[in-house]
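Colleague: I have a structure here, written as structure tokens, and I will follow up with some questions on it.
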Amino acid sequence: MSAPVLLPGATGLNGSGQQTTLGVMGGGQLGRMFVQAAQAMGYFTVVLDPDVISPAGLVSHYHIKTDYLDEQGLTQLLQRCAAVTTEFENVPAGALVTLGAARPTAPSADAVAIAQDRIKEKAHLARSGVPVAPYAVIESAAQLAAVADDLLPGILKTARLGYDGKGQVRCANRAELAAAWNDLKGVPCVLEQMLPLAAECSVIVARGWDGACVNFAPQLNLHREGILAVTEAYEENMPLALAEKAVAATKKIAKELNYVGVLCVEFFVLQEGSPERAKLGGLVVNEMAPRPHNSGHYTLDACDVSQFELQVRTLAGLPLTQPRQHSASVMLNLLGDLWVDGATPAWDKVLALPGMHLHLYGKLKASKGRKMGHLTVTAATPGQARTTALDAAKILGIAPF
Ligand code: ATP
Ligand code: MG
């Protein structure tokens with residue numbers, strides 16, 4: 008469906024006086040930041056999320072508290088809003104089909120269905136001609152037995168519903184692989200060869216209904232225990248040739264998907280001199296996210312247009328302009344681990360550092376590995392951004408990077 012332009016603010020002021028309202032499926036932190044960006048531009052917002060206290064629901068004009076497939080909930084959402092987006096890839100594709108038949112819905116059910124299933128995702132990436140980690144699909148005992156030896160050691164990943172390293176098991180040999188698949192209850196999985204990583208990066212693009220596509224420069228990402236810990240965003244964060252390759256691959260993936268909205272593609276940079284690099288090239292796609300991404304949170308503070316504003320613009324059919332990063336930036340994720348014994352971290356000390364931007368998501372319970380918020384440092388130079396981020400990490404008890 009091509010989309011009409013949905014201008015923000017009240018329409019029909021000399022008569023009916025209605026507010027243009029944008030909807031989002033999911034009430035997590037990504038939905039919250041989408042809602043905040045939409046509201047800043049004058050839109051009303053509606054969130055659908057079954058959780059009665061959700062980060063996005065807490066700040067939205069309207070919050071529909073039903074299951075994602077609840078017919079009444081979806082009907083209410085359609086009555087309220089002029090267009091719908093999603094903030095996480097595990098929204099049932101069926102809900103997006105219903106919504107897409109009635110309102111501009113971006114990303115589409117088709118694109119989300121691909122991104123939420125690693126088997127479909129890898130097939131799509133192969134069609135797009137971008138290298139992925141060597142892998143095998145495991146949906147049956149026969150496929151398990153037929154796994155090629157060179158995929159081990161590897162990582163067994165459930166095809167669906169994984170995030171932050173959940174649903175993944177590292178396997179050194181066949182016996183561990185068989186045990187891991189059994190532990191995962193024999194659900195459809197992919198086994199990926201364990202690759203020698205020099206680094207990880209990601210690229211975020213926004214693509215409009217007319218195919219116009221803009222991008223942020225690649226972010227350099229450090230994961231700890233399968234969870235994003237640090238993002239470094241500045242010009243010298245990786246070799247230029249690699250950065251250009253990553254941007255071109257991401258734009259190609261978006262185009263092949265006929266994608267509308269914000270898309271993030273995560274990449275592995277392979278170790279120099281490794282046989283895997285000789286075979287696959289320097290850059291391998293890990294996975295994609297059909298939405299803004301944790302590695303793009305720095306864009307709120309360090310760029311003239313954020314990934315969330317671009318999500319609003321794509322959805323509403325507004326012009327997309329190429330983002331410009333005005334500050335070097337480092338982002339630190341704030342995980343629940345920091346709330347040791349329930350004590351509040353020393354935000355006052357952290358905020359005494361220059362160029363520090365604190366974002367907390369309004370979550371009422373901290374647990375290990377739970378994303379509670381993030382800190383973005385902006386600075387004139389990469390060196391200053393890193394130094395300040397390391398100072399903040401020290402105050403908070405986050406390991407240096
Ligand atoms: P996300 O929170 O990004 O959705 P996820 O749970 O989907 O994460 P992946 O991105 O597949 O998980 O993997 C998490 C991390 O595990 C990667 O960022 C990387 O550090 C490591 N990893 C995953 N696959 C491989 C691989 N084939 N070789 C080496 N390391 C890997
Ligand atoms: Mg990932």
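With the working numbering, you'll find the sequence shown wraps up at 408, consecutive numbering, no jumps.
Even glycine gets a Cβ: it sits at the ideal position worked out from N, Cα and C.
Treat the numbers as computed from the prediction; the structure is a model and nothing was measured.
1. If you run the structure through DSSP and keep just helix, strand and coil, what is N340?
2. L307 and M40 - do their beta-carbons sit closer together than 8 Å?
3. Count the other CB atoms, across all protein chains shown, that sit within 10 Å of the CB of S115; report buried if there are 16 or more and exposed otherwise.
4. Between L184, L264, G193, A392, which has its C-alpha nearest V237's C-alpha?
5. Is it the case that the stretch 49–57 contacts the stretch 69–89, given that we only count it when at least three CB pairs across the two stretches are under 8 Å?
6. The beta strand (DSSP E) with H381 in it runs from where to where?
7. Kindly examine the ligand ATP and report whether one of its heavy atoms sits closer than 7 Å to the Cβ of Q36.
8. Does any heavy atom of the ligand ATP sit closer than 7 Å to the C-beta of K375?
9. What is the rounded straight-line gap between the Cα of E279 and the Cα of A285?
10. Should L367 and F275 be called a contact, given that it needs their Cβ atoms to be closer than 8 Å?
11. Name the two residues that bound the continuous alpha helix (DSSP H) containing E183.
12. Hey, is the stretch 372–383 in contact with the stretch 290–307, meaning 3+ C-beta pairs nearer than 8 Å?
13. Please give me, in chain order, every unbroken run of the alpha helix (DSSP H) with length at least 4 that falls completely inside the stretch 64–122.
14. Can you list the beta strand (DSSP E) stretches of 3 or more residues lying completely in the stretch 247–315, in chain order?
15. Quick one, which of E316, E273, A256 has its alpha-carbon nearest S209's?
16. Counting Cβ pairs, one atom from each stretch, are 3 or more of them under 8 Å apart for the stretch 245–264 and the stretch 118–132?
17. Output the boundary residues of the beta strand (DSSP E) element that contains H333.
18. Which residues in the same chain as E243 place their Cβ atom closer than 7 Å to its Cβ, once the five residues preceding and following it in sequence are excluded?
19. Residues bridged to T18 by DSSP?
20. Going along the chain, which residues of its own chain have a beta-carbon closer than 8 Å to the beta-carbon of V154, five neighbours each way excluded?
21. Out of A399, T328, G35, T165, which has the shortest C-alpha to C-alpha gap to C220?
22. What's the C-alpha gap between H364 and L358?
23. Report the rounded CA-to-CA distance for A2 versus L345, giving the unit in angstroms.
24. Run the proximity test for N293: is its beta-carbon closer than 7 Å to any non-hydrogen atom belonging to the ligand ATP?
25. How about E207: is its Cβ closer than 7 Å to a heavy atom in the ligand ATP?
26. Measuring only from the beta carbon, is A122 closer than 7 Å to any heavy atom that is part of the ligand ATP?
27. Would you mind working out which of A166, I162, E251, C196 sits nearest N222, comparing C-alpha positions?
28. Mind checking who E199 pairs with in its DSSP beta bridge?
29. Helix, strand or coil, according to DSSP, for E232 in the structure here?
30. Is there at least one non-hydrogen atom of the ligand ATP closer than 7 Å to the beta-carbon of I60?
31. With C-beta atoms as the reference, is L290 less than 8 Å away from A253?
32. When you compare only the Cα positions, how much space is there between K372 and T351?
33. What does the Cβ neighbour count give for V139, buried or exposed, with the cut at 16 atoms within 10 Å?
34. Alpha carbon to alpha carbon, what distance is there between P330 and S313?
35. Compare the beta carbon distance of T105 and A213 with 8 Å and say whether it is the shorter of the two.
Modeller: Based on what the coordinates show:
1. Here residue 340 refers to the residue found at position 333 when the sequence shown is read from its first residue. When DSSP states are grouped into helix, strand and coil, N340 belongs to the strand group.
2. Taking the first residue of the sequence shown as 1, we reach residue 40 at position 33. Taking the first residue of the sequence shown as 1, we reach residue 307 at position 300. A distance below 8 Å separates the beta carbons of M40 and L307.
3. Position 108 of the sequence shown, counted from the start, is the residue given in the question as residue 115. Its Cβ being crowded by 16 or more others within 10 Å, S115 is buried.
4. Residue numbering aside, residue 237 sits at position 230 when the sequence shown is read from its first letter. For the residues L184, L264, G193, A392, the minimum Cα distance to V237 belongs to A392.
5. The stretch 69–89 is in contact with the stretch 49–57.
6. Position 374 of the sequence shown, counting from 1, holds the residue named residue 381. Unbroken beta strand (DSSP E) run through H381: 378–386.
7. Here residue 36 refers to the residue found at position 29 of the sequence shown. Checking the Cβ of Q36 against the ligand ATP gives no.
8. As a working note, residue 375 is residue 368 in the sequence shown. K375: no, Cβ never under 7 Å from the ligand ATP.
9. The residue labelled residue 279 in the question sits at position 272 within the sequence shown. The residue labelled residue 285 in the question sits at position 278 within the sequence shown. If you take the alpha carbons of E279 and A285, they lie about 9 Å apart.
10. Taking the sequence shown and counting its residues from 1, one reaches residue 367 at position 360. Taking the sequence shown and counting its residues from 1, one reaches residue 275 at position 268. For L367 and F275, no; Cβs fall outside 8 Å.
11. Translated into the one-based positions of the sequence shown, residue 183 becomes position 176. Per DSSP, E183 belongs to the alpha helix (DSSP H) from 181–190.
12. The stretch 372–383, when compared against the stretch 290–307, does touch it at the 8 Å Cβ threshold.
13. Runs of the alpha helix (DSSP H) inside the stretch 64–122: 78–87, 100–109, 116–122.
14. Listed in chain order, they are 268–277, 290–296.
15. Translated into positions along the sequence shown, residue 209 becomes position 202. Among E316, E273, A256, the Cα nearest to that of S209 belongs to E273.
16. Judged by Cβ distances under 8 Å, the stretch 245–264 makes contact with the stretch 118–132, as three or more pairs qualify.
17. Counted from its first residue, the sequence shown places residue 333 at position 326. In the DSSP assignment, H333 falls outside any beta strand (DSSP E) and carries neither an H nor an E.
18. Taking the first residue of the sequence shown as position 1, residue 243 is located at position 236. Excluding sequence neighbours, E243 sits near P389.
19. Position 11 of the sequence shown, counting from 1, holds the residue named residue 18. Partner residues in the beta bridge of T18, as assigned by DSSP, are Q25.
20. Counted from its first residue, the sequence shown places residue 154 at position 147. The residues are A143, I145, R181, L184, L198.
21. Along the sequence shown, read from residue 1 onward, the residue named residue 220 stands at position 213. When each option's Cα is compared against that of C220, the closest is T328.
22. Translated into the one-based positions of the sequence shown, residue 364 becomes position 357. Translated into the one-based positions of the sequence shown, residue 358 becomes position 351. When rounded, the separation of the alpha-carbon atoms in H364 and L358 is 8 Å.
23. Nothing about residue 2 can be read from this structure; the chain reaches only from 8 to 408.
24. On the sequence shown, position 286 is the one that residue 293 refers to. Yes, the beta carbon of N293 sits closer than 7 Å to at least one heavy atom of the ligand ATP.
25. Within the sequence shown, the letter at position 200 stands for residue 207. Yes - the ligand ATP has a heavy atom lying nearer than 7 Å to the Cβ of E207.
26. In the sequence shown, the residue the question calls residue 122 occupies position 115. No, since every heavy atom of the ligand ATP falls outside the 7 Å radius drawn around the Cβ of A122.
27. By 1-based counting over the sequence shown, the position of residue 222 is 215. For the residues A166, I162, E251, C196, the minimum Cα distance to N222 belongs to E251.
28. Numbered from 1 along the sequence shown, position 192 holds the residue referred to as residue 199. Bridge partners of E199: Y142, I162.
29. Translated into positions along the sequence shown, residue 232 becomes position 225. DSSP, reduced to helix, strand and coil, places E232 outside both helices and strands of the structure shown, so it counts as coil.
30. In the sequence shown, residue 60 corresponds to position 53, counting from 1. False, no ligand heavy atom lies under 7 Å from that Cβ.
31. To locate residue 290, count along the sequence shown from 1; it is residue 283. To locate residue 253, count along the sequence shown from 1; it is residue 246. It is a contact, given that the beta carbons lie within the stated cut-off.
32. For the purposes of this step, residue 372 is taken as residue 365 along the sequence shown, with counting starting at 1. For the purposes of this step, residue 351 is taken as residue 344 along the sequence shown, with counting starting at 1. For K372 and T351, the distance between alpha carbons rounds to 12 Å.
33. On the sequence shown, residue 139 is found 132 positions in, with the first residue counted as 1. Taking a 10 Å sphere around the C-beta of V139, we find 16 or more other C-beta atoms and assign the residue as buried.
34. Here residue 313 refers to the residue found at position 306 when the sequence shown is read from its first residue. Here residue 330 refers to the residue found at position 323 when the sequence shown is read from its first residue. For S313 and P330, the distance between alpha carbons rounds to 8 Å.
35. Position 98 of the sequence shown, counted from the first residue, corresponds to residue 105. Position 206 of the sequence shown, counted from the first residue, corresponds to residue 213. It is not a contact, given that the beta carbons lie outside the stated cut-off.
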